[in-house]
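One line per chain: the protein sequences are V and W, in this order. Last residue of the first sequence? That's 397 in the working numbering, and every number before it is there in order. Last residue of the second sequence? That's 312 in the working numbering, and every number before it is there in order. A virtual CB, placed ideally from N, CA and C, is assigned to each residue, including glycine. Being a predicted model, the structure only gives us computed values, none of them experimental. This report concerns only the one structure given below.
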Amino acid sequence: MLRTIKPKNARSKRAMDARSPKEVEDARTAIFVKGTHTGETLNAVMRDLMALKRPNAISFNKKNPIHPFDSNTSSISSLEFWAGKNDASLFLVGQTTKKRPNGLTFVRMYDGQVLDMMEVGVDSWTGMDSLKTPKSTPGHKPLMHFASELFDTHPRYIQLKSMLMDFFNGEVVDSICLPGLEHVISVSCAPTPASLNNAPVNMYPNQQPSAPEDVSSLPKIHIRTYTTRLLSSGTRIPRVELTLMGPNLDLSLRRHKAADTELLKQAMKRPKLKKTDIEKGLGKKRKNLEVDEMGDLRGRVHVGKQDLNKLQTRKMKGLKGGELDAEEDDGQKSDDGDDTPRKKKRKQA
Amino acid sequence: MQRNSNQSVTVEKETPLEVDPGYLTVTDLNPVDEESYNENLEAHLQSLARDGVQALYASLFTLPTRPSPDGPLAQLPPPKTQLPRAKPLPKPKPQTKWEAFAAAKGIQHKVRDRREWDEEKQDWVNRWGRNGKNKQIEEQWITEVPLNADADYDPRKVARDARKERVAKNEKKHAQNVTRAAAAANPRDARKTDIEKTLATTRISTASMGKFDKKLDGEKKIRGVKRKFDPTEKSVSDEAKASVALLSRLESDAKKTRREPQAEESVLNTRKAVRFASKGRGGLALGREAAGGRSSRGGRGRGGKR
């Protein structure tokens, strides 16, 4: 149980307010943690990923004996402690062992607790420095691109997509400067094997968390980072060309821990829509209603199309004796049966 | 073929790309082409990414923009993808007593300007604080004194005391609001009152309204609401104030005083009656006719037709 802290001066009050929950959240801060042993590859990978994540990134310099998937250790409580201390809600833990070489673990937090975890292995890697190409400005928002049907069907890949989106692009912004978009992070998969296409989808991944999963059948993930170049195309939409920027990662999925349903439900809660937003047309659709400049709600009612043939105009003697005209009209038109009711009446008479 | 796809501005795929401009994200749900994947991995990935990014840019460049000093800003729609929050939703702040009252009465919040116009100085001055307008009487060098004032009457002290009193009152109200919010936030107390209410209801829910029920040890008598009466004798000023308040309430707030429903309305449909009497020509025509009929006795109008 956390004690409630009362700020003693204005500065600490401001700091506490900055950390308090907000309706529209800031970008998630990520902490980059080294495990007991990280090789040269992992160090470089984490440095490059940190360069992409900056300025919302904190790096821990020292090694930490941390094993997020080992529930016997106090790793989870350390993660939670660090998250609270640094006001961070994402972790990237690097750890290389003989059994699982070059492992990266993404950990996502909600309300100071671990929400879900995902481990990937780095199979091959090209750094940002080894490619002599233009780089993006640090702190600019990346575009994200995901390519594979698995990102919509397979729970592991859905989690991966959600995690990577949260990692690089989770902040909600209402407007953006289009020339400021400089780079794209592209995540794609190897072709889906037939076994994965036909296998029944496990609808309740939380039911058997201990059941060992055949990870080797899951297709590899390729993360590429490109800078974009906009060329004029003659239309309003420019033509895009990509240049490899780096880092380039080839990853394979390893262990994971799905989010607890109850915790996830809480984390997915959205704020209630404000009245002005609903009037603007968000949320439930409101048709034919608008607020005018006086602030009054005005509605539009559809009354159907008026049949002008049935319109009763002023009766005048001059117009009445139209027997001849009517006959002429009938004569001109062929007998395709598009007589108006008025004409019919006249014929009967 | 590669060149062709690189040249195009529009992207056409079997499954249309899912674009989420709110998160600047595009998802290509088409199955990965195994042939081109095996042939040249980097080229395959780059062409996939280019197609996706082209589609994303197409949707971004059609968004409405707003000018800004750093160039046009594209207005992003709210994101479609739902990502989990990092922290729970902020709890709504408890209402102060005034806020609750204002909400019930429909009083709009008005932001009061920090500065106020001073007619004498012909300048804007602070409403409060350093050289504040609320300290004007205390700080001006000469002040009018009422004729019947005591010999030791100090207008500065009176003004200062009044100001200090207002501040103290505000602080007291603030403290009350804080304690009220704390009490409301305590779930234990809320539950306790809830249980007490339920118990009180069940105790009078028997046929005898609880009169012949078995009493338990230590069971307390139900306490109802104590009625309060005004004293029979009141000072004249209080009485006058009360009646004036009542009168103003009757006059001012139309919503509060209940209107008498028109008894006639239920029996007679006036509109229908007028329509019937005027033979569908409306009340005006009927009135004209009636006037004409009356005047026909004087020998004028068309009333004589009848």
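Where the alpha helix (DSSP H) containing residue i begins and where it ends
{"i": "M157(V)", "result": "Taken as a continuous stretch (DSSP letters only), M157(V) belongs to no alpha helix (DSSP H), being part of the beta strand (DSSP E) at G151 to Y158."}
{"i": "T276(W)", "result": "T276 to A283"}
{"i": "I124(V)", "result": "S123 to N134"}
{"i": "R204(V)", "result": "P203 to N217"}
{"i": "A196(W)", "result": "P193 to R209"}
{"i": "N44(W)", "result": "E40 to E45"}
{"i": "Q314(V)", "result": "T309 to A315"}
{"i": "G366(V)", "result": "K365 to K368"}
Under 8 Å between C-beta atoms of residue i and residue j
{"i": "G160(V)", "j": "L89(W)", "result": "no"}
{"i": "D164(V)", "j": "S300(V)", "result": "no"}
{"i": "D26(W)", "j": "P85(W)", "result": "yes"}
{"i": "T309(V)", "j": "P267(V)", "result": "no"}
{"i": "P286(V)", "j": "L278(V)", "result": "yes"}
{"i": "I224(V)", "j": "L79(W)", "result": "yes"}
{"i": "V131(W)", "j": "K141(W)", "result": "no"}
{"i": "A165(W)", "j": "E144(W)", "result": "yes"}
{"i": "V288(V)", "j": "V72(V)", "result": "no"}
{"i": "D76(W)", "j": "G58(W)", "result": "no"}
{"i": "R284(V)", "j": "F67(W)", "result": "yes"}
{"i": "L82(W)", "j": "G28(W)", "result": "yes"}
{"i": "G294(V)", "j": "D65(V)", "result": "no"}
{"i": "F216(V)", "j": "L100(V)", "result": "yes"}
{"i": "V17(W)", "j": "A61(W)", "result": "yes"}
{"i": "H304(V)", "j": "R204(V)", "result": "yes"}
{"i": "S276(V)", "j": "E230(V)", "result": "Rather than Ser, the amino acid found at residue 276(V) in this sequence is Thr. Yes; because the gap between Cβ atoms is below 8 Å, this pair is in contact."}
{"i": "T121(V)", "j": "W173(V)", "result": "no"}
{"i": "L337(V)", "j": "Y158(V)", "result": "no"}
{"i": "M213(V)", "j": "T31(W)", "result": "yes"}
{"i": "V162(V)", "j": "I124(V)", "result": "yes"}
{"i": "A189(W)", "j": "D195(W)", "result": "yes"}
{"i": "S284(W)", "j": "L292(W)", "result": "yes"}
Start-to-end residues for the beta strand (DSSP E) that takes in residue i
{"i": "E338(V)", "result": "L337 to V339"}
{"i": "T274(V)", "result": "It should be pointed out that residue 274(V) corresponds to Tyr in this sequence rather than to Thr. Start and end: I269 to L279."}
{"i": "Q161(V)", "result": "Q161 to T174"}
{"i": "I233(V)", "result": "H231 to C237"}
{"i": "V25(W)", "result": "E24 to D26"}
{"i": "H304(V)", "result": "N296 to K305"}
{"i": "D355(V)", "result": "Per DSSP, D355(V) belongs to no beta strand (DSSP E) and is neither H nor E."}
{"i": "L138(V)", "result": "L138 to Q143"}
{"i": "V32(W)", "result": "T31 to D34"}
{"i": "Q360(V)", "result": "First-last for Q360(V): undefined, no H or E at that position."}
{"i": "F194(V)", "result": "L191 to A195"}
{"i": "L292(V)", "result": "R287 to L292"}
{"i": "I224(V)", "result": "S223 to C225"}
{"i": "L79(W)", "result": "L79 to Q81"}
{"i": "R346(V)", "result": "L345 to G347"}
Proximity winner among the options, relative to residue i (alpha-carbon distances)
{"i": "K327(W)", "options": "Q360(V), S196(V) and S126(V)", "result": "The structure shown does not extend to residue 327(W), since chain W spans only 7 to 312, so no value can be given for it."}
{"i": "E40(W)", "options": "L253(W), P27(W), T31(W) and L54(W)", "result": "L54(W)"}
{"i": "R318(V)", "options": "K93(W), E171(W) and Y63(W)", "result": "K93(W)"}
{"i": "G87(V)", "options": "F117(V), K313(V) and G169(V)", "result": "G169(V)"}
{"i": "A105(V)", "options": "G282(V), G132(V), L138(V) and I124(V)", "result": "L138(V)"}
{"i": "D118(V)", "options": "G83(V), A99(V) and G132(V)", "result": "G83(V)"}
{"i": "R136(W)", "options": "K217(W), R121(W), S243(W) and K240(W)", "result": "R121(W)"}
{"i": "K221(W)", "options": "R209(W), V242(W), R229(W) and T276(W)", "result": "R209(W)"}
{"i": "E128(V)", "options": "R102(V), V155(V) and P103(V)", "result": "V155(V)"}
{"i": "G175(V)", "options": "N91(V), H304(V), M342(V) and S265(V)", "result": "N91(V)"}
{"i": "F194(V)", "options": "N46(W), A296(W) and E24(W)", "result": "E24(W)"}
{"i": "L51(W)", "options": "Y274(V), K365(V) and L312(V)", "result": "Y274(V)"}
{"i": "L179(V)", "options": "A306(V), N296(V) and H350(V)", "result": "N296(V)"}
{"i": "V232(V)", "options": "R56(W), S14(W) and N44(W)", "result": "R56(W)"}
{"i": "S243(V)", "options": "R272(V), D222(V), M211(V) and L198(V)", "result": "L198(V)"}
Any non-hydrogen atom of the ligand SAH closer than 7 Å to residue i Cβ
{"i": "A63(V)", "result": "Looking at this structure, you won't find the ligand SAH or any other ligand, since it has none at all."}
Does the pairing of the stretch 180-193 of chain W with the stretch 102-115 of chain W give three or more beta-carbon distances under 8 Å? A contact between stretches requires three or more CB pairs, one per stretch, nearer than 8 Å, and the stretch 180-193 of chain W meets this requirement with the stretch 102-115 of chain W.
When the Cβ atoms of the stretch 181-192 of chain V are set against those of the stretch 139-158 of chain V, are three or more pairs found closer than 8 Å? Between the stretch 181-192 of chain V and the stretch 139-158 of chain V there are fewer than three C-beta pairs closer than 8 Å, too few to call the two in contact.
Inter-stretch contact (C-beta, 8 Å, three-pair minimum) for the stretch 54-61 of chain V and the stretch 110-127 of chain V: Here the stretch 54-61 of chain V does not lie against the stretch 110-127 of chain V, with fewer than 3 beta-carbon pairs under 8 Å apart.
Contact between the stretch 32-50 of chain W and the stretch 225-241 of chain V is defined here as three or more beta-carbon pairs at a separation below 8 Å; is this criterion met? With contact defined as three or more Cβ pairs closer than 8 Å, the stretch 32-50 of chain W and the stretch 225-241 of chain V are in contact.
Could you give the uninterrupted runs of the alpha helix (DSSP H) lying entirely in the stretch 85-141 of chain W, keeping only those of 4 residues or more? The stretch 85-141 of chain W contains these whole alpha helix (DSSP H) runs: 103-111.
So, does the stretch 126-144 of chain V touch the stretch 63-79 of chain V, judging by three or more C-beta pairs under 8 Å? Contact holds: three or more Cβ-Cβ distances are below 8 Å.
Report the residue ranges of all alpha helix (DSSP H) runs contained in full by the stretch 137-172 of chain W; include only those spanning at least 4 residues, in chain order. You should have 142-145.
Give, in chain order, every unbroken run of the beta strand (DSSP E) that is at least 3 residues long and sits entirely within the stretch 54-121 of chain V. Listed in chain order, they are 78-82 and 105-111.
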